[in-house]
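**Q**
Chains as they are written, first to last, in my numbering: chain A, 1 to 83; chain B, 1 to 578.
#1: With distance defined between alpha-carbon atoms, name the residue in 12/B, 20/B, 45/B, 354/B nearest to residue 400/B.
#2: DSSP state of residue 363/B, grouped into three classes?
#3: Below 8 Å on the Cβ atoms is my contact criterion, and I expect residue 282/B with residue 49/B to pass it. Report the Cβ-Cβ distance as a whole number of Å.
#4: Might you give, ordered along the chain, the residues of its own chain that have their beta carbon closer than 7 Å to the beta carbon of residue 104/B, omitting 5 neighbours on each side?
#5: Exposed or buried, which one is residue 454/B when buried takes at least 16 other CB atoms within 10 Å?
#6: For residue 434/B and residue 215/B, what's the separation of their Cα atoms in angstroms?
#7: Are at least three pairs of beta-carbons, each pair with one atom in the region 323–331 of chain B and one in the region 223–235 of chain B, less than 8 Å apart?
#8: Is the Cβ of residue 569/B closer than 8 Å to any Cβ of chain A?
#9: Distance, Cα to Cα, residue 32/A vs residue 82/B?
#10: Would you mind telling me which residues of chain B sit closer than 8 Å to residue 52/A, beta carbon to beta carbon, in chain order?
#11: Report the rounded CA-to-CA distance for residue 186/B versus residue 292/B, giving the unit in angstroms.
#12: Ordered along the chain, which non-local residues of its own chain (more than five positions away) have a Cβ less than 6 Å from that of residue 251/B?
#13: Going by Cα to Cα distance, which pick from 315/B, 420/B, 67/B, 485/B is closest to residue 241/B?
#14: How would you write the range of the alpha helix (DSSP H) that residue 318/B sits in, first residue to last?
#15: If the cut-off is 8 Å on Cβ atoms, which residues from the region 291–303 of chain B count as contacting chain A, listed in chain order?
#16: Under 8 Å between C-beta atoms, does residue 288/B make it to chain A?
#17: Rounded to a whole number of angstroms, what is the C-alpha to C-alpha distance between residue 26/A and residue 8/B?
#18: Looking only at DSSP bridge pairs, what is residue 195/B linked to?
#19: Once you ignore the five residues that flank residue 357/B on each side, which residues in its own chain have a CB closer than 8 Å to its CB?
#20: At a Cβ cut of 8 Å, what residues of the region 26–47 of chain A count as close to chain B, listed as they run along the chain?
#21: Is the beta carbon of residue 57/A sitting closer than 8 Å to the one on residue 223/B?
#22: With burial defined as no fewer than 16 other Cβ atoms inside 10 Å of the residue's Cβ, what is the status of residue 101/B: buried or exposed?
#23: What's the gap between the Cα of residue 561/B and the Cα of residue 479/B?
#24: Measure the C-alpha to C-alpha separation of residue 610/B and residue 313/B and round it to an integer number of angstroms.
#25: Measure the C-alpha to C-alpha separation of residue 174/B and residue 295/B and round it to an integer number of angstroms.
#26: Measure the C-alpha to C-alpha separation of residue 60/B and residue 85/B and round it to an integer number of angstroms.
#27: Does the region 159–179 of chain B come close enough to the region 28–40 of chain B that 3 or more CB-CB pairs lie under 8 Å?
#28: Which same chain residues end up closer than 8 Å to residue 165/B when comparing Cβ atoms and leaving out the 5 residues on each side of it in sequence?
#29: Cβ of residue 34/A within 8 Å of Cβ of residue 48/A?
#30: Spatial neighbours of residue 467/B within its chain, please: CB distance less than 6 Å, with the 5 preceding and 5 following residues excluded, ordered by chain position.
#31: What is the DSSP secondary structure of residue 8/A, reduced to helix, strand or coil?
#32: What does DSSP give as the partner residues of residue 339/B in its beta bridges?
#33: Just grab the DSSP bridge partners of residue 45/A for me.
#34: Assign residue 1/B to one of two classes, buried (16 or more other C-beta atoms within 10 Å of its C-beta) or exposed (fewer than that).
#35: What is the DSSP secondary structure of residue 154/B, reduced to helix, strand or coil?
#36: Would you mind sorting residue 580/B into buried or exposed? The rule is 16 or more other CB atoms within 10 Å of its CB.
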């Protein structure tokens, strides 16, 4: 397989991992499982409510920087970076 | 100093700042005008993107929606932030690699033809215009309430300001103005939130205050007290109040997320950075600056609701006397956005869920953020600041949208289709004319707004989600996606979404032009029209793949182009090719 094709495959794997987490914290924890999670509390927050209105947003920020960091490494590893 | 004078001073000072920046950052080339010369630092670009992104709806309407929907308001919080994850991973770096000026330009090249480009321009213009109406309304409301001008006058002043810096500076002027506007709006949003959080819970950080105990010595958590108060009066439980249904919330959130990723004025921001690497980090920085406001908003919403309830019902069973209602209450009554009716004639105002007995007959959700500092009895300068912040949010977003519209008209339609040989100087002039025309059109629609601010904005997302996002994503991730497939998909996505929305709200929001009323509302699995974009996107993807399967694959050079945009290397060349 060419370098470019392997780079693309590695990138797709990374994107998939990130999007699974993205889906979990918002759609699963914040919406689908919000009701059962609300039985657990952190301070005054019910957990499902916290994920929907706070936690998912923090995770999104972390995810974007994590992705940028990892994919920049991939660029270097496969020699497809700029400059 | 009285509130009005203070507001004039603060708003006037911020406007002077924006115009000063516009003069400093004039656009000299089409590159400056469309993409700020591709030289913007990612952190600053992130800040400008955040200001571009956070509209009158985010600043003025969102916390109000959360205050009244409670938990259900989370669709806006997750939807309008989660889209940046998609942008950062699925679109932005690749589109930057391709290195062109506009979104339709990419679609036209990728799907090899003018027809694809024109279709993309139409989608872009419909989505952007619907979105810009909300901003114009926000400007008009802020002016009419706080500077006590007519709504129309406020709108004209707002249009004038945008006209000056958008026509003069293009993307360059807009970007630097937006950085200033971000600072104004985030300061204006967090200052009252910190005061209110401190006052209610003793914790100055609103994100923590929302999960803390009340400072009134009751020992109750703020959210528990709010839940209990609202439940007693027959309203839903604040922290568990689902919006229509779990499925509807799921689809609504998804629509806003993919709509965010498909909005051209947001995507354009990623064309302004020097490298592919910077496009990735710009998305991160933008999200940091957005998250600052978006994690404060739930606290603002809940605390505003709390203060409102406490004002009207100071102690359980004891209601506000009509004669003793506070000044802010009377001020908002004058605008017609707040209204009570002493139905039982006891000289007191009862605020309960039961429609028969409820005497707060109108509490417009859009006033919550603007009224919040007054309700919490904060000093006048804080209120003046909030007005300037709301205007900054509306102006920055309006400018970004107008630029997307103007560049589509001058670059995609004029240079791309009708007059390919036009000189750069004439194109720059044309884009300035297009900008002026777009401002006039948006102003006209602002005077005749179809729906309340957040409602029209949500519709724009539906259209971006069902048309532009799938076309872009398939263009990058599927080498085999061809012209026929993408075109059929876009047409299917946008028509089914428009069909659903217009059936509910009337063609182009004219209430008399509703159709098929016998089908009932939200007939598709209980999904409300504003949440329909994700369903439209599913149709788009499905139709596109079926059509692509039975038609000829895209030409060899297009498949090479797709392979090429997937790797960052060589991005410099793409820029030099202009």
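We put the beta carbon where it would ideally sit given N, CA and C, even for glycine.
**A** In brief:
#1: Sequence index remark: in the second chain, residue 400/B carries index 400 (1-based). The shortest C-alpha separation from residue 400/B is found at 45/B.
#2: To locate residue 363/B, count along the second chain from 1; it is residue 363. Reduced to three states, the DSSP call for residue 363/B is strand.
#3: The residue you call residue 282/B lines up with position 282 of the second chain. The residue you call residue 49/B lines up with position 49 of the second chain. Yes, residue 282/B and residue 49/B are in contact; Cβ-Cβ is about 7 Å, under 8 Å.
#4: Taking the second chain and counting its residues from 1, one reaches residue 104/B at position 104. Result list for residue 104/B: 117, 120, 121, 124, 408, 412, in chain order.
#5: The residue you call residue 454/B lines up with position 454 of the second chain. The predicted model places residue 454/B with a pLDDT of 48, which falls under 50 and marks its position as unreliable, so this point remains unresolved.
#6: Taking the first residue of the second chain as position 1, residue 434/B is located at position 434. Taking the first residue of the second chain as position 1, residue 215/B is located at position 215. Approximately 55 Å between the Cα atoms of the pair.
#7: Fewer than three beta-carbon pairs drawn from the region 323–331 of chain B and the region 223–235 of chain B are found closer than 8 Å, and the two stretches are therefore not classed as touching.
#8: As a working note, residue 569/B is residue 569 in the second chain. Chain A, which has a Cβ nearer than 8 Å to the Cβ of residue 569/B, makes this yes.
#9: By 1-based counting over the first chain, the position of residue 32/A is 32. By 1-based counting over the second chain, the position of residue 82/B is 82. So the two alpha carbons sit approximately 16 Å from each other.
#10: One-based indexing of the first chain puts residue 52/A at position 52. Neighbours of residue 52/A on chain B, chain order: 71, 74, 77, 78.
#11: In the second chain, residue 186/B corresponds to position 186, counting from 1. In the second chain, residue 292/B corresponds to position 292, counting from 1. Pairing residue 186/B with residue 292/B, the inter-Cα distance amounts to about 8 Å.
#12: As a position in the second chain, residue 251/B is number 251, starting the count at 1. Excluding residues within five positions, the ones whose Cβ falls inside 6 Å are 527, 531, 534.
#13: Within the second chain, numbered from 1, the residue matching residue 241/B stands at position 241. Comparing Cα-Cα distances from residue 241/B to each of 315/B, 420/B, 67/B, 485/B, the minimum goes to 67/B.
#14: Numbered from its first residue, the second chain carries residue 318/B at position 318. That residue, residue 318/B, is in no alpha helix (DSSP H); it is neither H nor E in DSSP.
#15: Cβ contacts with chain A: 291, 294, 295, 298.
#16: Translated into positions along the second chain, residue 288/B becomes position 288. True, the Cβ-Cβ gap to chain A drops below 8 Å.
#17: If you number the first chain from 1, residue 26/A lands on position 26. If you number the second chain from 1, residue 8/B lands on position 8. Those two C-alpha atoms are separated by around 42 Å.
#18: Here the question's residue 195/B lines up with position 195 in the second chain. For residue 195/B, which the question treats as bridged, DSSP gives no partner whatsoever.
#19: Residue 357/B sits at position 357 when you count from the first residue of the second chain. 343, 344, 350.
#20: Under the 8 Å Cβ criterion, the region 26–47 of chain A contributes 26, 27, 30, 31, 32, 34, 35, 38, 42, 43, 44, 45, 46.
#21: Start at 1 with the first residue of the first chain, and residue 57/A comes out as number 57. Start at 1 with the first residue of the second chain, and residue 223/B comes out as number 223. Cβ distance not < 8 Å, so residue 57/A and residue 223/B don't count as in contact.
#22: For the purposes of this step, residue 101/B is taken as the residue at position 101 of the second chain. Result: buried.
#23: Here the question's residue 561/B lines up with position 561 in the second chain. Here the question's residue 479/B lines up with position 479 in the second chain. Straight-line measurement puts the Cα of residue 479/B at about 9 Å from the Cα of residue 561/B.
#24: With chain B running from 1 to 578 in the structure shown, residue 610/B is simply not present.
#25: The residue you call residue 174/B lines up with position 174 of the second chain. The residue you call residue 295/B lines up with position 295 of the second chain. Answer to the nearest angstrom: the Cα atoms are 26 Å apart.
#26: Residue 60/B sits at position 60 when you count from the first residue of the second chain. Residue 85/B sits at position 85 when you count from the first residue of the second chain. Roughly 24 Å separates the two Cα atoms.
#27: In short, these stretches touch, since the Cβ pair count reaches three.
#28: The residue you call residue 165/B lines up with position 165 of the second chain. Within the same chain, and ignoring the five residues on either side of residue 165/B in sequence, the residues whose Cβ sits closer than 8 Å to its Cβ are 18, 19, 21, 22, 173, 174, 177, 399.
#29: Here residue 34/A refers to the residue found at position 34 when the first chain is read from its first residue. Here residue 48/A refers to the residue found at position 48 when the first chain is read from its first residue. In this structure, residue 34/A lies near residue 48/A, with their beta-carbon atoms less than 8 Å apart.
#30: Numbered from 1 along the second chain, position 467 holds the residue referred to as residue 467/B. Same-chain partners within the cutoff: 123, 490, 493, 494.
#31: The residue labelled residue 8/A in the question sits at position 8 within the first chain. Looking at residue 8/A - three-state DSSP - the assignment turns out to be helix.
#32: To locate residue 339/B, count along the second chain from 1; it is residue 339. Note: residue 339/B sits in a beta bridge opposite 362/B.
#33: Numbered from 1 along the first chain, position 45 holds the residue referred to as residue 45/A. Answer is 42/A, bridged to residue 45/A.
#34: In the second chain, residue 1/B corresponds to position 1, counting from 1. Here residue 1/B is exposed: its Cβ has fewer than 16 other Cβ atoms, across all protein chains shown, within 10 Å.
#35: Residue mapping note: residue 154/B aligns to position 154 of the second chain, counting from 1. Looking at residue 154/B - three-state DSSP - the assignment turns out to be helix.
#36: Past the boundaries of the shown model lies residue 580/B; chain B is included only from 1 to 578, so the question cannot be answered.
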